[in-house]
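Reviewing the structure listed below.
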Amino acid sequence: MFVTDCRREFYDVIVSQRVLLLVASDVDALCACKILQYKYFVFINCGANVDLLEILQPEEDTYFFVCDSHRPINVVNVYNETQVKLLVKQDDDLDVPAYDDIFRDEEDDKEDSEHESDGSEPSDKRRRFEEEVIERTMKRRQRREWEARRREILFDYEQYEYHGTSSAMVMFDLAWIMSKDLNDMLWWAIVGLTDQWVQDKITHMKYVTDIGILQRHVSRHNHRNEDEENSLSIDCMRIAFEYDLRLALYQHWSLYESLCNTSYTSATLKLWSVQGQKRLLEFLADMGLPLKQVKQKFNSMDVSLKENLREMIEESANKFGMKDLRVQTFSIHFGFKNKFLASDIVYATASLMENIEKEGPETTNFIKALDSLSRGNLDKLHQGLDLAKKQLRAIQQTVASCICTNLVISQGPFLYCSLMEGTPDVKLFSKPVSLCLLSKYLLKSFVCSVSKSGLIFSADCLDNFSTFMNSVPGKLPSTKNLSDFQTKNKRCKLLPLIMAAPMDVEQGTVIMVGIPPETESSDKKK
41 MFVTDCRREF
51 YDVIVSQRVL
61 LLVASDVDAL
71 CACKILQYKY
81 FVFINCGANV
91 DLLEILQPEE
101 DTYFFVCDSH
111 RPINVVNVYN
121 ETQVKLLVKQ
131 DDDLDVPAYD
141 DIFRDEEDDK
151 EDSEHESDGS
161 EPSDKRRRFE
171 EEVIERTMKR
181 RQRREWEARR
191 REILFDYEQY
201 EYHGTSSAMV
211 MFDLAWIMSK
221 DLNDMLWWAI
231 VGLTDQWVQD
241 KITHMKYVTD
251 IGILQRHVSR
261 HNHRNEDEEN
271 SLSIDCMRIA
281 FEYDLRLALY
291 QHWSLYESLC
301 NTSYTSATLK
311 LWSVQGQKRL
321 LEFLADMGLP
331 LKQVKQKFNS
341 MDVSLKENLR
351 EMIEESANKF
361 GMKDLRVQTF
371 SIHFGFKNKF
381 LASDIVYATA
391 SLMENIEKEG
401 PETTNFIKAL
411 DSLSRGNLDK
421 LHQGLDLAKK
431 QLRAIQQTVA
441 SCICTNLVIS
451 QGPFLYCSLM
461 EGTPDVKLFS
471 KPVSLCLLSK
481 YLLKSFVCSV
491 SKSGLIFSAD
501 CLDNFSTFMN
511 SVPGKLPSTK
521 NLSDFQTKNK
531 RCKLLPLIMA
541 APMDVEQGTV
551 IMVGIPPETE
561 SSDKKK
């Protein structure tokens, strides 16, 4: 059931109750058996796309509030009027099938079965009329047609997975409705939306639309004039909308490292190849940026270069096929010294969440990541930034290795890549978010590795290529063979990627993720 009045149906219900909060990265099936002593449950980014009542078998006085961006939402959760309450943005396009198309009243089924049993008994004491036979036959046919239509409707509804409005934005809307919203809450909503964009969970159009919504709240909470800004204390917090560069952590790194380790620039310039490295140097030369400047920390660059850096990069980027290097985003200022982009917080927090260095119980990483979102814990945030840099370097090195050693294999309907034990930094990818990020970067780079001639770094495709190239020594391949080869490689560009990595070497477990084809033509991303 969808919650239409968040205050009355959600906040007022749980405000004085003992509530168990389940967060996606921490929940698993074993925990569900131990926590049913609680009466109220709040699921964040988990639970919407599964039948909660079927899986958990709760008591009748147990209630679930679900704030989850995963789509599609399970139809049983949608139409359960008592125990499952769904917190979603009211204007989200959910396309939920109508109740009558999915569920059939039990009384109708019972009536049909009674008719069928009556027809099988001796009819000595009553007359059978032809109209009754026809009526029962029509009902059975209508039921078969309804079941066939139901299967088709559910298939169309459930065949794709995608994401709706950020859960952080939904929670901020709730706070705003109750006039309890703060600037900190607004910043967390911004970070939640940016996480969806960084993880490629939503389309660019959805991202821009939600940015516009948050921009109005930013103007409302941060409407200070210049004199007020100059008089702010060192403990102040200010959020600003801006157009910035699509470069990971560049303000806390060197510009050169950021260009090399950002998925968009690395894939477009093909930095895993010698030719790609040359193009990077040409790109920097076109901007007139000396290597000595771009290879030192961004904060240490000449002020004269930093003042016009965004315009210089954007102008040169268009010449090198990077037309989307500028992006709408938000920045936050803590006092006079510390400035972070929303994407900086996303990378840092995610790295803290999946830090592979064990420093205590399994929940330690979760608590550290949660603490890093508070402005009073900048030390944890900077620790997360260092971990994020390490992760991004490992991702780009692994991507280059996979492409150059032909580890991405075409397996018919999908592409497949498996990281072996002993691969450098393989432990970093034993966590789901890190492996998903690697997989998306790899697929983007893999698609960009296809040249105009159709050459692709796939073992399956390369075998076929060598076959027809060597069939007639000293001669070029036939037009037909070349055409077939190019067609196959074009098809490879439209395939999803399945990626596997060792999860626990001692237990022999493997973690696998599936990534949809590299396309922006649909809101349904998976």
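Using this note's numbering, the letters of the sequence shown map in sequence onto residues 41 to 566.
Ideal Cβ positions, reconstructed from N, Cα and C, are used throughout, including at glycine.
All values derive from a computational prediction rather than experimental measurement.
Check, Outcome
"Assuming residue 390 and residue 473 form a contact by the criterion Cβ under 8 Å, report the distance between their Cβ atoms to the nearest whole angstrom.", "5 Å"
"Determine which residues share a DSSP beta bridge with residue 540 and list them.", "458 and 552"
"Along the alpha helix (DSSP H) that carries residue 442, what are the first and last residues, could you check?", "418 to 444"
"With DSSP as the reference, please indicate the residues paired to residue 202 in a beta bridge.", "111"
"In the DSSP assignment, find the alpha helix (DSSP H) that holds residue 240 and state where it starts and stops.", "Here residue 240 belongs to no alpha helix (DSSP H), and DSSP marks it neither H nor E."
"Please report how far the alpha carbon of residue 483 lies from the alpha carbon of residue 386, in whole angstroms.", "21 Å"
"Starting from residue 277, trace the beta strand (DSSP E) both ways and give me its first and last residue.", "277 to 285"
"Per the contact definition of three or more C-beta pairs closer than 8 Å, is the stretch 393 to 411 in contact with the stretch 296 to 304?", "no"
"What span of residues does the beta strand (DSSP E) with residue 371 cover, start to end?", "366 to 374"
"Report all residues from its chain with a CB closer than 7 Å to the CB of residue 340; omit the five preceding and five following residues, and keep chain order.", "none"
"Cβ-heavy atom distance between residue 82 and the ligand HEM below 7 Å?", "The ligand HEM is not part of the structure shown, which contains no ligands of any sort."
"Cβ of residue 422 within 8 Å of Cβ of residue 278?", "no"
"Look up residue 396 in the DSSP assignment and say whether it is helix, strand or coil.", "coil"
"To the nearest angstrom, how far is the alpha carbon of residue 238 from that of residue 108?", "18 Å"
"On the DSSP letters alone, give me the boundaries of the beta strand (DSSP E) that residue 80 sits inside.", "80 to 84"
"Shortest alpha-carbon distance to residue 352 belongs to which of 284, 417, 376 and 196?", "284"
"Anyone know if the C-beta pair for residue 466 and residue 455 falls short of 8 Å?", "no"
"Let me make sure I understand the geometry here. Which of 299, 428 and 313 has the alpha-carbon closest to that of residue 323?", "299"
"Grouping DSSP H, G and I as helix and E and B as strand, with all else coil, what is residue 207?", "helix"
"For the stretch 178 to 187 against the stretch 204 to 221, do three or more pairs of beta-carbon atoms, one drawn from each stretch, fall closer than 8 Å, so that the two count as touching?", "no"
"Should residue 20 and residue 215 be called a contact, given that it needs their Cβ atoms to be closer than 8 Å?", "Absent from the structure is residue 20, since the part of the chain shown begins at 41 and ends at 566."
"Which same chain residues end up closer than 6 Å to residue 464 when comparing Cβ atoms and leaving out the 5 residues on each side of it in sequence?", "none"
"Have a look at residue 368 and residue 361 and give me their C-alpha separation to the nearest angstrom.", "19 Å"
"Does DSSP put residue 69 in a helix, a strand or coil?", "Any reading at residue 69 must be qualified, since the residue scores a pLDDT of 28, below 50, and its modelled position is unreliable; no value is offered."
"Could you pull the start and end residues of the alpha helix (DSSP H) that residue 349 belongs to?", "349 to 359"
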